[in-house]
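Below you'll find the structure, written out as structure tokens, and then a few comments.
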Amino acid sequence: MVRAQETVYDLITKCSVRRVPPKQFVNFYNEFFNERYDSVLENGNPAGESRPTAPVYEEVAQDLVRILNDSRVNLVADYVLEIVLINLNVDLLRLFLPKLHHVRNVMLLVHLFSRATAFISGLDNKLLAEQISDTVYTDVTPAVLSFNMQAIDDQLVIVLAKFLHAVLRLPEGQQKMGSVPTKQKAATLLQRLSTIDRLLYKRFIADLDGKLRLSGAPADMSFPLPPSNMPSPSVTSPKYETSSVGVMKRSTSMSNEAKYQDIKLARYYKNLWLNNKIHYCTVSDPLFLEKYDSILELATGGGLSADRPVKAKIADLVETAFTCFAQFVSNKLYHQSNSNFSLLERKWTVFVTKQLPLIIKSSIPDKTDIVLRTLENIDDKVIKAIKSYNTEKEEVKNRTEDLFDDYPVNSLDIRHEFLKNLIMMGLQPPTVLNEYLREDQMVDLKSLVTSEHLIIDNSQGVRETILNVRNFITKSIESLEFENLFDDGNQLLVTNDHGIIQIAHNLETISPTKQLEIANILYDLLSAAIESLDHKTISKVLTILTLNVGHLLTNIFCLTGYEKFARAVIRFIDVIWESNKSKSNDMVSDDSEFENINSAMAYTLSLCFIIHVVDIYGVNVEALVENPSKSTVLRFLSKLGEIPEVFVAPEGDLESSKTLLQQWLRELFVKNLISDNLMKSADVKVMGFMIPFIFKQTLLNVEYGIISDISSFVNGFEYFLQPFLSVGLINIVFWLEKYLLALKTTESFPKINGALFDILGAIIAPKSIGSDAKAIHSVVLKLKCVGLLKELKSFQVPSESNYGIYSSQTRQDPRLEALISKLELIAQSSALYDVDPRIISAVNNNYSQKHISYNKVVLTSDIPINKIMTNQINSFWNLHSSTYYNFDYLLELIDLVTPFKFVQDVFQTLKYKVTAYGVPGSATKPSSAALDQVLGYVFYFMVLRDIKCPEEKSLLLEYLDSGRFPSSISATVLTSDPTTISGMPPVSMPYDVKSEQDAMEGVDEDFDMLFGESFSGLPDDVQKSADMKPDTGIKEDDSEKSSYVSAARLTESFGVIFSKMKKDKLEAYQAGQISEERYQCFMGLYDKYVQTLRHSVI
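Heads up, the final residue of the sequence shown is numbered 2302 in my numbering, and it's a clean run with no missing numbers.
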């Protein structure tokens, strides 16, 4: 029972401290309300008439106002919105809204009205919309206009106007309301708005004039017209030129150069935002187009351009997308020869060719003529860059050793692939391709795919149209056998004509709509298999996805995001498997042998899939687990590559673990035969730790000379490849890379190399392997094939020079060559990213060439880290196009030098260069505004690097405000190593930092730590919410969306770094160690980061 003295205020306070999601809070509130007030309502009306609700809701409304005044947590505003508006309570709304003007907490008011605006704008429940519209004129509008419009903050003025703009569109027709004082309040709001946000003013005045008739007001009394010198919406096209400034009237306070800088800033922001959304696979956001179009506001301080026609928004997006892609590939081609990045390039290609057509179809399905006109108007420099990139790719693809062999270059590039997909979707006629190619070449129209239908070659070689895609995919998965996926050498068959495999290898010819449908079908199949414990289907789907056949997984993540697939698999390990573990342990009958094998395969492949998406796609696992403190996945990842010196089984003690270990050692290496009972009782979780322990101890004993005859051990290791034991291979390959690196420096290697290669051959390049084991073996080796290749190749005997011209190969140990050959074949048959192309290429010539790099960024004596950082900071300074267009390169560079070092070097150097030389291309002399201009780009990049979702934004703002993360979050995650489980590769760094970086990481110390002054005018507004169903908390009951936010990843953010620097600067200033001017300069820098974070579009 609820104690009598407890209030709604107390309930909200407790729930916000525990980060309870808003949806879950509603359940608590309803339970609380029923227990707290039902008796009051019943006792107050014994006659059975309508219950007197006013006193009860008056008390609740007062509590809500009080908590809004007292709290500093945005989650509180989400709670209020849930119980007042989303779960509409008209009685409470009528009592609560008139009291809102008593709230003095501007931050929560802004958040509350922003969330409410976004909820109203996206409202598709007709019944709820009608109920809200009934209160618009009688309650909502008068309550909003009761605010003191002359005194409130500019930011609050904007969100109030946007809220009214949204709600006034709900009711139809005009309505009498209020009197002349109400009219005067509305006029005051408009007056404030006209000086703050002119575009919003022009929209809002139409709402007031068209919707409100004020009783008692003169008939000719109207709202003030817009100022005559108000400018039109700014041109946001990437083709904006300075000469076009003169055609629009400007306020004398803003010069032509200032406007040009605003437009340039908007262009950079759009590019940064696009790269961010594409890099993190969040383009599937339903508000993608609206958020993109709102970026102009962030750059210029103007109102949102939501009143722009959708055609104009699409045209802007198409033009910006091709411009950004051209900049991306141009910089990759000419400015980053010292790096090996390919994943973001693949994501960009999918975005332009598949996702952009989907956005067009959902936005303007009947008005796509604007797209062709936009393509024709793309800048010539953009087209030239795209053509150059396409030519280079074709030349690399067809390059041979014959210097006189001339291959024709295909003149079709990404623009034409984009048009082909529009043709597939019926958005353009086939003839448009030749019209667009009139200067390039002609295409046979009969060869074009002009239908969205899925077409495959059946077993008879006849092209067949698939009308029921779901049925086709389901049957294809059911009939798929692992033995048909691999050849006799355990290599993935590229020419496999099986349904799902054929689809994966022909993604380019499949329409975007069908690719999206296929992605959703695979997710449905996987989810259903997880819930029903269909281990065989789980294994098949995850094998195809983890092997990334034909880049299938990358395309799926681009189209749908990675969260739902990753969350489903994590749930299988953490929840479904654990809840059914007792049942699995009882399966010891003869009939359960195959089910044990299937379940072990599903468990192992699930772990492999999770490791793969964390390592390659940067998935933040912490944000997807349901219970971090009890997560099997988090525990496994946090210990990945670490094999302890003493084996203790999970959930076991030392003695029982010792007995179990002895039993397995006897079966593996003495009897060389595993009994049926032992095999059936094997716990796959235990095997994941015990098998690596056995392998490590064997290798160490061989290294120390304790074991001399390894034959029985080699035979025993062959059992490690069996599906019920192969889970141990995961930790083995991650530990083995580090072990081989250390072994090179020991004196024992020459004595044991033969034995070592024999042992490794048993698990890496076995002579024979079962059909089911092939899948797991290939998937596990793919996880670390590049790292193992690097270490094993270092054991090769160096080649001898032959007259300084050619390299004659010295005979290598055939066992070592077999290992290298096997790993090379795995790499070549896998869709790997961000590696040297020669690693994944089957082409091999014997001419000497520069060494293959196994790192994403190549550091040499010619290209040290100092030189790379100098070039990058120069790009920041001169606003060169290569500054931010390669998001992956810049993120890797920050991780290489550490975020703290990056902040120090960038700001001290920018301060010096801008002060000494100004900004290149600017006609004005160096000034504080020049530094503001440069820092505007840097800050927005930092914010996009720091946060990936609105929840992380709220959490980081809370940290900057209070100096700490909520205890309920930090207690569960900050104790973990963020480099292992926070979207980073779990163990291995992408390059050997110690071996390649230490000697070159010194930074110029010619300048003191200098900080620039704050830069001016970012807009005073809050971004539109990405989701109108607030989900700020740990975990919702609804499995479709996880709101648990990982604070561990944020500890490496620039925001946390700035907060710590702020504390240090304050202590130094108070101790007299730094001047007030220097302290104020830093505070200006800090305030601008916070301001950019607060108003950023995520």
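Ideal Cβ positions, reconstructed from N, Cα and C, are used throughout, including at glycine.
| Item | Value |
| --- | --- |
| Proximity below 9 Å, CB of Ile1518 to CB of Ile1568 | yes |
| Contacts around Leu1547, its chain only, beta-carbon distance under 6 Å, and the 5 residues preceding and following it disregarded | Tyr2037, Asp2038 |
| Paired residues, beta bridge with Ser2329 - DSSP | Here the chain covers residues 1205 to 2302 and nothing more, so residue 2329 does not appear. |
| Cβ shell of Val2103 (< 8 Å), same chain only, five flanking positions each side left out | Checking the sequence shown, residue 2103 turns out to be Pro, not Val. Glu2256, Ser2257, Phe2258, Ile2261, listed in sequence order. |
| Rounded straight-line distance, which links the Cα of Leu1393 to that of Ser1448 | Unreliable placement is indicated for Ser1448, whose pLDDT of 30 sits below 50; no coordinate value is reported for it. |
| Continuous alpha helix (DSSP H) stretch holding Glu2271: start and end | 2258–2274 |
| Check whether Ile1815 and Ile1725 have beta carbons under 9 Å apart | no |
| Cβ-heavy atom distance, Val1269 to the ligand ATP, below 8 Å | Among the components of this structure there are no ligands whatsoever, and the ligand ATP is therefore not found. |
| At least 3 beta-carbon pairs within less than 8 Å: the stretch 1888–1898 vs the stretch 1849–1860 | yes |
| Ile2043 in three-state terms, based on DSSP | coil |
| Between the CA atoms of Arg2168 and Ala2175 - distance to the nearest angstrom | In this predicted model, Ala2175 has a pLDDT of only 36, less than 50, meaning its place in the structure is not dependable; the value taken from the coordinates is given anyway. Those two C-alpha atoms are separated by around 11 Å. |
| Cα-Cα separation, Asn1329 to Ile1714 | 35 Å |
| Leu1312 (DSSP reduced to helix, strand or coil) | helix |
| Check whether Arg1619 and Ile1660 have beta carbons under 9 Å apart | no |
| Thr1257 (DSSP reduced to helix, strand or coil) | coil |
| Cβ neighbours of Leu1756 in the same chain (closer than 6 Å, five flanking residues each side left out) | Ala1708 |
| Inside the stretch 1207–1243 only - alpha helix (DSSP H) runs reaching at least 4 residues | 1212–1221 |
| Alpha carbon of Phe1924 to alpha carbon of Ile1914, nearest angstrom | 16 Å |
| Element boundaries [alpha helix (DSSP H), containing Asp2109] | 2103–2121 |
| Within 9 Å, strictly: CB atoms of Asn2078 and Lys2105 | no |
| Pairwise C-alpha distance: His1306 and Glu1262 | 15 Å |
| Residue(s) in a DSSP beta bridge with Ile1660 | Glu1668 |
| Same chain only: Cβ atoms within 6 Å of Ser1432, ignoring 5 sequence neighbours per side | With a pLDDT of only 39 at Ser1432, under 50, the local geometry of the prediction cannot be trusted, and no value is derived from it. |
| Within 9 Å, strictly: CB atoms of Lys1515 and Lys1571 | yes |
| Opposing strand residues paired with Leu1696 [DSSP bridges] | Phe1690 |
| Touch test, the stretch 1951–1971 against the stretch 2018–2037, Cβ-Cβ under 8 Å, three pairs minimum | yes |
| Assigned exposure category for Ala2275 - 16 Cβ within 10 Å defines buried | exposed |
| Ser2300 and Leu1279 closer than 9 Å at C-beta | no |
| Assigned exposure category for Ile1705 - 16 Cβ within 10 Å defines buried | buried |
| Cβ-Cβ distance between Gly2321 and Phe1873 below 9 Å | Outside the modelled stretch of the chain, which goes from 1205 to 2302, sits residue 2321, for which no answer is possible. |
| Cβ separation of Leu1809 and Ser2034, assumed to be a contact under 8 Å, to the nearest whole Å | At roughly 15 Å, the Cβ-Cβ gap does not stay under 8 Å, so Leu1809 and Ser2034 are not in contact. |
| Val1212 versus Glu1239: straight-line alpha-carbon distance, rounded | 12 Å |
| Within 9 Å, strictly: CB atoms of Ser1861 and Glu1871 | no |
| Through-space distance from Glu1501 to Phe1492, alpha-carbon basis | 15 Å |
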